[in-house]
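Sequential numbering from -5 applies to the sequence shown in our numbering.
Before any comments, here is the structure.
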Amino acid sequence: RDRTWVYHIFAVGIDTGTWGAQWPEIFAWFGAVGRYGVELFFMISGYLITDTLARKGDVRSFLIDRAIRLHPAFLGVVVPMFGVGMLFGLEMFGHAPTWSWPLHFISNVLFLPGVFDLPAVLPVAWTLSFELAFYLTAAGALTLTRRGYRAAAFAVCIVSGFLLFPRAPGVIFFFVGAAADRPEE
């Protein structure tokens, strides 16, 4: 995952050695920088998600807006990849029985690979799985807070963080961004 952004452009060249002997070290350096970029993205996202959710006020509407924002572009890539994968037996499909393909499709559409150890048709989209987990955590925490259960909201965030952290330690930055001090309105 440290080199996730590199895979968008250079994966085949890196894995096959096409780029030459000096390139793996250069890409490793950029991969490390990219990892910090993902962590910065998580921090900014944590801040903006909680701010947007608080301003919107309606958890259901917030979650629908997020789905409308993410799913069209994601499905525009995932659906063709599933089609090509099934036709040509790409890795995910070659190792899985045919009866499981619809289940893999559903799990990918729901952004489950990443948070859960499930096959991903688009491995570079692992961050979306954690983004959705944070959306749900923030929505749950806001709902509990508004009902007067601040301690329970805090507990939901702590438990969510502990469950997600072993899968991707950088997710802690969602919570750092969410906890950023804001002036009261």
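The beta carbon of each residue, even a glycine, is placed where N, CA and C say it ideally should be.
For residue i, the first and last residue of its enclosing alpha helix (DSSP H)
i, result
"Leu126", "120 to 140"
"Asp52", "No alpha helix (DSSP H) holds Asp52; DSSP gives it neither H nor E."
"Ala172", "166 to 172"
Residues that DSSP places opposite residue i in a beta bridge
i, result
"Pro117", "DSSP lists no partner for Pro117."
"Pro107", "Phe110"
As assigned by DSSP and simplified to three states, the class of residue i
i, result
"Trp(-1)", "Only weak support exists for where Trp(-1) lies, its pLDDT of 48 falling under 50; the coordinates are left without a value."
"Pro160", "coil"
"Tyr143", "coil"
"Leu84", "coil"
"His98", "helix"
"Ala61", "helix"
"Ala90", "coil"
Residues near residue i by beta carbon distance below 7 Å, same chain, minus five either side
i, result
"Leu126", "Phe105"
"Gly79", "Met86, Phe87, Val115"
"Thr139", "Ala147"
"Tyr41", "Gly171, Ala172, Ala174"
"Tyr129", "Ile43, Leu57, Arg60"
Any non-hydrogen atom of the ligand SAM within 6 Å of residue i CB
i, result
"Ile38", "You won't find the ligand SAM in this model; it holds no ligand whatsoever."
The region 69 to 76 contacting the region 107 to 127, beta-carbon criterion three pairs below 8 Å: Three or more beta-carbon pairs separated by less than 8 Å link the region 69 to 76 to the region 107 to 127, which places the two stretches in contact.
Validate contact between the region 147 to 159 and the region 87 to 95 using beta carbons, cut 8 Å, 3 pairs: no
Touch test, the region 47 to 62 against the region 123 to 133, Cβ-Cβ under 8 Å, three pairs minimum: At 8 Å Cβ cutoff, the stretches touch.
The region 154 to 174 / the region 85 to 92 touching (three or more Cβ pairs under 8 Å): no
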